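Going by my numbering, the residue at position 49 of the sequence shown is 1269; the numbering climbs one at a time, nothing skipped. Built from N, CA and C at the ideal position, the CB exists for glycine as well. Quick caveat: nothing in here was measured; it's all calculated off a predicted structure. I have placed the structure first, in the form of structure tokens, so that the comments after it can refer back to it.
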Amino acid sequence: MSSLEQPLGLDKLPSLSNIDWLNRCSSSACRPIEEDTVMGSCWIEGRSCSSSNSCDEDSEEYRQETLPWKRQMRGTSKRTSNAGRNSVACGIVNDLRYLSNHQGHSYSNDKDIGATKYKWFFEDIPRYVKVVEVGPRDGLQNEKIIVPTSVKVELIRKLISSGLPVVEATSFVSPKWVPQLADASDVIEAVKNFEGVNLPVLTPNLKGFKAAVAAGAKEVAVFASASESFSKSNINCSIEESLSRYRAVTSSAKELSIPVRGYVSCIVGCPVEGSISPSKVAYVAKELHDMGCFEISLGDTIGVATPGNVLPMLEAVMAVVPVEKLAVHFHDTYGQALSNILVSLQVSNFSL
């Protein structure tokens, strides 16, 4: 059994291919393009400028004239969702294409490029995003060299001082499987009285939950997978068995008024099974929500997510779990984390 969220078999995953539209503009002028482009699950029918002069439109005119390219979600239903931002979910792909083709060409001499020209690009980004820092647990758990408890405590203290509202401190798992976190009780003892921050801990079962409560933990998290194979290799049980364990945890937590946060791993891809169906992610997320998890974090465990497969996954989950109860967690294995975060925030105000 491997430790939680360990990226198994990354060497077998395919590399991401280059996106050719990044190079469609030459150094002198934009070449004419008329085509239908398929990128992930977003279909885009677009055009580009035929000359350097025709590229000299300001961004507001471009947004009104050019951005009405036809956009539609393939394989997903249109929503009038509570989120209010779903209509622009595909816009990020078009907008990024435009910026990459035009930055350094049309606006190279404009003084207000940053302040005004691209203001529309960020109109649908929420003004506030909650960040849940998981470094002391997720970041350290696979490190081979044991980090001293005092260093972990100092790391948590510095993260808190940076202004983070939530810092996941450690995990109450078996030291046999995750020796790096064998000092979980000592860490919680040292940080439990820190003020102005929530310090949740991961608890894989009822035994871990009881140990966490005894140590002074005031918030916990549970960890399920959308992949049957990953669940068995990572936490040594099936998806249904893991959900049964977590129902026992959430039931005990309710009696003690302890909040429980839920994780779903392998939201788009698994190192064993490959691609994961959005319906599987939605099922696990709904089960965690129904058992009482106040928030469900959707995790791209092995970093294979792209905007094209994130959008249909979010579509499926948001159909069964209130959007205000959702968070996203992306790994940057192939350099896609920021793109995935951006497209997610254009859909709704997810925690990160």
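{"Item": "Nearest residue (CA-CA) to I1478, options P1498, P1420 and L1518", "Value": "P1420"}
{"Item": "Exposure label - R1347; buried when at least 16 CB within 10 Å", "Value": "exposed"}
{"Item": "Range covered by the beta strand (DSSP E) that runs through H1549", "Value": "L1546 to F1550"}
{"Item": "Assigned exposure category for I1365 - 16 Cβ within 10 Å defines buried", "Value": "exposed"}
{"Item": "Through-space distance from E1374 to P1399, alpha-carbon basis", "Value": "19 angstroms"}
{"Item": "When P1424, S1517 and H1549 are compared against A1505, the one with the closest alpha-carbon", "Value": "S1517"}
{"Item": "Beta carbon of E1388 nearer than 9 angstroms to that of L1426", "Value": "no"}
{"Item": "Euclidean distance between Cα positions of I1496 and S1485", "Value": "10 angstroms"}
{"Item": "Beta-bridge partners of E1353, as assigned by DSSP", "Value": "V1387"}
{"Item": "Beta-ladder partner(s) of N1627, from DSSP", "Value": "No information on residue 1627 is available, as it lies outside the stretch 1221 to 1572 that the chain covers here."}
{"Item": "Sub-9 angstroms separation of E1507 and A1444 beta-carbons", "Value": "yes"}
{"Item": "Terminal residues of the alpha helix (DSSP H) in which K1555 lies", "Value": "The sequence shown places Gly at residue 1555, rather than the Lys named in the question. Per DSSP, G1555 belongs to no alpha helix (DSSP H) and is neither H nor E."}
{"Item": "Coarse secondary structure for R1347, derived from DSSP in three states", "Value": "coil"}
{"Item": "9 angstroms Cβ cutoff met for S1568 and M1538", "Value": "yes"}
{"Item": "Spatially closest choice to C1490 from F1514, E1475, N1418 and V1524, by CA coordinates", "Value": "V1524"}
{"Item": "Those residues which DSSP pairs with W1515 across a bridge", "Value": "Reading the sequence as shown, one finds Glu at residue 1515 and not Trp. BP columns for E1515 point to R1481."}
{"Item": "Burial state of K1290, where buried means 16 or more other Cβ atoms lie within 10 Å", "Value": "Bear in mind that the predicted position of K1290 carries a pLDDT of just 30, short of 50, making it unreliable; the figure below should be weighed with that in mind. Exposed, by the Cβ-count rule."}
{"Item": "Reduced DSSP category for A1444 - H, G, I as helix; E, B as strand; rest coil", "Value": "strand"}
{"Item": "Reference L1558, options E1515, G1428, V1530 and E1343, closest by Cα", "Value": "V1530"}
{"Item": "Per-residue burial, A1434 [other beta carbons within 10 Å of its own, 16 or more giving buried]", "Value": "exposed"}
{"Item": "Contact set for A1410: own chain, Cβ-Cβ below 6 angstroms, skip 5 residues either direction", "Value": "V1373"}
{"Item": "Straight-line gap, V1386 to V1492 (C-alpha atoms, nearest Å)", "Value": "32 angstroms"}
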